[in-house]
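Below is one structure, written out as structure tokens; comments come after it.
Chains as they are written, first to last, in the UniProt record's numbering: chain A, 1 to 388; chain B, 1 to 385.
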């Protein structure tokens, strides 16, 4: 016959202080665990959704990022004439030649300089990125020194509101619009006219060519065509894959940090649970003896104490997740080591993370509660009763 | 004397619980020590920088180059003793995973500016003479098992192509924080190739490194250099090496803040564990404390007993944790050497850890001690377990 579950959770209620302290320790662990996962997930969501599966990015062979890449004008024209590229309603190719440079801007929160991406765009740039839409103001006129800024730039950097003037490349640029690219990397960029950017920075090569393919299946043919063309020294990527690659180092770093922290912390929390449960057993030796004398088996005693420990850890897990859920409203902004530019992303709480965090706290509870529960179940009835 | 013995005996009355508490504190202090060390590793470039070096770069951003022709004009600014230049090369050795820092520099002046780079004079000569020569830090050489005379090929990311070079020297550091994971090779090698393939990109440098005689004049000299190029094709930004390195650190500010925050969360976790132990041990012994009070022990004396017990546990865990931090940091540092060239536990970390241990000892005992002090004797007797 099993011991009723109410026995297990009522025991936690009788020692409120101890329960709160142990669950509090566990909740901190679960909080850090969940926060790390949320950060990694947010980074992934941002970078994967930045690209579109039907777009291909062409870079100079060997360059890792847009900023390092360079594609001569003549080469760019060769790329844009590939037959796999979709045709826009006006009869031109759905391709954009873009130039990407970094400039330093003072951050609004600290006043320290951080790198922001300037994307010199082409006529088709907007059409190729349906996720980018104007939120306020208007689009910059082509051929002018007007810019529009991503919403994270408008939020994170000073001097980037509509009507403000930015100074870079020896010229003044007027901010005329703010665009929203959702939860993507584009929201951390400044868009200006490509030709004007190239002129200001004295560049005569584009950074990348973005090609909108007829369909996602045309990518292989496009890749073979571009990379096999002897006139080009170029490499192609699917846009989604390209942006994912940009963050691999950062994702790895977050993962290593998160995993090592969680391992170390959970040791601490399990020890806390173990201390609590051992003392719960030690304090209740006569009680356990009575239960055994009443006919409850060793197995049910074990289960009762294990359940108590699991309740304790679930309480901690729920508290930790509750605190982590608040992070959902925060944006994390940092420099991506690979592209060297500012990237803002959100903490993202998903169902998987909730399950993982609760699973993890239950795991801690079981591991911490098992040795004391075993001890409780092994008590001899007579010995235990004698202590009363 | 008797009281001290009593405290020690009490601290270990529940051997298993005391052991677990100490272990918990040890683990948390290890985590704290590691996190602080990660923070220090981040700032190592700042610590290693010299007050007599300035960096001049393009005012727009680090990735926009400057014309090499600026060199002579910079040299003309009074107070400057050396001008070296170079660029981040960003080459990949076989695979991206093998990331390490590699720069192209003007070697003679660069080595003169960095006296902390210790290199055998013979090797230095070989390096200076061979236009395709390179020098590498001791740690980097060990990582890839490179020997003098080995040929290394880097795949350029900024400068396209495969770049072959010969290891001519392996350098050591004069200071513990000198970065020994860097590869340096000749700017002229890259520049002459660029002249042939893409002339538009030749004669462009990423940064000028200036040596100055008097660190007190750093601000004045920086302004003088920048004024020279005001309103020119490429305006410059000159700052001390320290400020330059701090710029890199501040880019990852958000991550640093998170790590910092987490290192204090760790302290809270141990606090919870230790406070839990103390609360339990006091509750279990309330009858015992009541007996002591009846015998004439005063409240403060009994509170001191509780505090002493807590301190013994906390300090035992703290010293164990701090003792293990250094070896663990070493193991950690060697697996993360591609992110952190130098990974050493600083004295400040140890002091902070010790302080945290003391804090935990006091804070964990505070509430239970207060209770014992204040609870009337009769009530203590009434309570059971």
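The beta-carbon is built from N, C-alpha and C at its ideal position, and this holds for glycine as well.
- Restricting attention to alpha helix (DSSP H) runs no shorter than 4 residues, the segment 181-224 of chain B encloses them at 187-197, ordered along the chain.
- Put simply, of B/283, B/140, B/197, B/127 the residue whose alpha carbon is nearest the alpha carbon of residue 160 of chain B is B/197.
- Contact between residue 87 of chain B and residue 182 of chain B is ruled out by a C-beta separation of about 14 Å, above the 8 Å threshold.
- Interface annotation for the segment 339-350 of chain B against chain A: 339, criterion Cβ-Cβ distance under 7 Å.
- By alpha-carbon distance to residue 185 of chain A, the top candidate from A/150, A/36, A/101 is A/150.
- Using beta-carbon distances, residue 193 of chain B does not count as an interface residue toward chain A, since no partner is under 8 Å.
- Look at residue 78 of chain A here: in three-state DSSP terms it is helix.
- The Cβ atoms of residue 147 of chain A and residue 190 of chain A lie closer than 8 Å to each other.
- Within the segment 66-78 of chain A, contact with chain B at the beta-carbon level (separation under 7 Å) is assigned to 67, 68.
- Cβ-Cβ distances below 7 Å link residue 98 of chain A to 119, 120, 121, 122, 125, 194, 206, 207, 208, 210 in the same chain, with the five nearest sequence neighbours on each side left out; the list follows chain order.
- As a beta-bridge residue in DSSP terms, residue 154 of chain B pairs with B/93, B/163.
- In the displayed model, residue 114 of chain B falls within coil according to three-state DSSP, outside both helix and strand.
- The bridge partners DSSP lists for residue 346 of chain A are A/331.
- Proximity of residue 113 of chain A to chain B, defined by a Cβ-Cβ separation below 8 Å, is satisfied.
- Closest option to residue 383 of chain A, judged by alpha-carbon separation, among A/290, A/103, A/20, A/329: A/290.
- Residue contact with chain A for residue 279 of chain B: present (Cβ-Cβ distance below 8 Å to some residue of chain A).
- By the criterion of at least three beta-carbon pairs nearer than 8 Å, the segment 42-57 of chain A is in contact with the segment 232-248 of chain A.
- By the C-beta criterion, the segment 27-44 of chain B is judged to be in contact with the segment 329-345 of chain B, since at least 3 inter-stretch pairs fall below 8 Å.
- Ranking A/139, A/128, A/153, A/64 by CA distance to the CA of residue 107 of chain A puts A/153 first.
- The beta-carbon distance between residue 347 of chain A and residue 38 of chain A, rounded to whole angstroms, is 4 Å. This is short enough to meet the 8 Å contact definition.
- Counting C-beta atoms within 10 angstroms of its own C-beta, residue 360 of chain A has 16 or more neighbours from the protein chains shown and is therefore classed as buried.
- If the five residues before and after residue 79 of chain A are omitted, its C-beta is found closer than 8 Å to the C-beta atoms of 58, 71, 95, 209, 211, 226, 232, 234, all from its own chain and listed in chain order.
- In the displayed model, residue 283 of chain B falls within a helix according to three-state DSSP.
- Out of A/20, A/169, A/254, A/76, the CA that lies nearest to the CA of residue 234 of chain B is found in A/169.
- Distance from the CA atom of residue 84 of chain A to the CA atom of residue 114 of chain A, rounded to whole angstroms, is 39 Å.
- In this structure, the CA atom of residue 246 of chain B is about 46 Å from the CA atom of residue 276 of chain A.
- Under the Cβ criterion (8 Å, minimum of three pairs), the segment 268-283 of chain A does not count as touching the segment 325-338 of chain A.
- Legend: CB atoms of the segment 226-251 of chain A lying less than 7 Å from CB atoms of chain B belong to residues 233.
- Using a CB distance cut-off of 8 Å, residue 264 of chain A counts as an interface residue toward chain B.
- DSSP, read as helix, strand or coil, puts residue 148 of chain A in strand.
- Counted as a single uninterrupted DSSP element, the stretch harbouring residue 139 of chain A is not any beta strand (DSSP E), since DSSP gives it neither H nor E.
- At a cut-off of 8 Å between C-beta atoms, residue 28 of chain A counts as an interface residue with respect to chain B.
- Residue pairing by DSSP puts residue 237 of chain A in a beta bridge opposite A/57.
- Within the segment 74-106 of chain B, 90, 92, 96, 99 place their CB atoms closer than 9 Å to a CB of chain A, listed in sequence order.
- About 6 Å separates the CB atoms of residue 268 of chain B and residue 28 of chain A; that is less than 8 Å, so the two are in contact.
- Residue 156 of chain A and residue 354 of chain A have their alpha carbons spaced roughly 30 Å apart.
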